[in-house]
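This note's numbering numbers the first residue of the sequence shown as 758 and each following residue consecutively.
Beta carbons are placed, not taken as given, at the ideal position from N, Cα and C, and that holds for glycine.
Beneath this line is the structure, given in structure tokens, with notes to follow.
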Amino acid sequence: MDPLIVKIKAGDNCAFNEVFYLFSGKLFGFLFNKTKSEYLANEITQLTFIKLWKYRESLNVDLKLSTQIFQIAKTLMIDELRKEGRNKEHLEQFKVSENIFKISMISGYDIMDEKDTHKIIQQAIEKLPPVRQKVFKLSREEDLSYKEISQEMSISVKTVDKHIQLAIRYIRGLVKTI
């Protein structure tokens, strides 16, 4: 349990300021690298910390604070890119990153070293049985709904759900062992 999360949840301004100074630079760099826009990176960094404070009571003490902060930033970044109408160009670029965020949130794995994490996750996905691998990729990379996947593969929605659960459990297990 991270004591900073507990303090922030309790409304401690000093703890929040400490978190801001710890993560704002890294977060800005990450966002600038993804958006190639100083304005957007700065805007999303500020919005991330505003949202972190506003919804501080819902922070999960069992997950790393960095993972939660970057999850908020990732969501805001995608929203901002959609607003700017640049989603086709940039959102394709973020499909893999989004998978990394989703799996890191599920596993509690720190996302700071994205390239290594991406490699580990890709290797884990390649080790999945063929049907499970296809279901997982359709869900996470193609953004198809469970219903769309079930129709495309001629399997039930419950079967799709089970394949996704098992794939995530397998990937989470592999990531945690590293």
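Residues in its own chain within less than 8 Å of residue i by CB, not counting five upstream and five downstream?
i, result
"M834", "L788, K791, T792, L797, I801 and F851"
"S907", "S913, V914, T916 and V917"
"A924", "I882, L885, R889, Q890, V892 and F893"
"I921", "V892, F893, S896 and Y903"
"E795", "F789"
"Q781", "The sequence given here places Ser at residue 781; Gln does not occur at that position. Excluding sequence neighbours, S781 sits near T802 and F806."
Could you have a look at residue i and say whether DSSP puts it in helix, strand or coil?
i, result
"P942", "Since the first residue of the chain shown is 758 and the last is 935, residue 942 is not available in this structure."
"K904", "helix"
"V818", "coil"
"G782", "helix"
"D836", "helix"
"K884", "coil"
"D769", "coil"
"Y927", "helix"
"Y796", "helix"
"I912", "coil"
"E898", "coil"
"E775", "helix"
Using CA atoms only, rank isn't needed, just tell me which of the options is closest to residue i.
i, options, result
"D836", "T805, S815 and S781", "T805"
"K821", "S794, V763, I878 and S896", "V763"
"A772", "L779, L761, E814 and L784", "L761"
"L779", "I826, K904, K876 and D819", "I826"
"I877", "R897, Q828 and I928", "I928"
"G786", "E899, Q803 and N774", "Q803"
"N817", "G768, D759 and R839", "D759"
Excluding five sequence neighbours on each side, which residues of the same chain lie with their C-beta closer than 6 Å to the C-beta of residue i?
i, result
"L931", "A881"
"F777", "F806"
My assumption, with CB atoms under 8 Å, is that residue i sits in contact with residue j. Please give the rounded CB distance.
i, j, result
"R813", "K783", "Not quite, the Cβ-Cβ distance comes to about 20 Å (not below 8 Å), so this is no contact."
"K811", "I829", "About 10 Å; that fails the 8 Å criterion."
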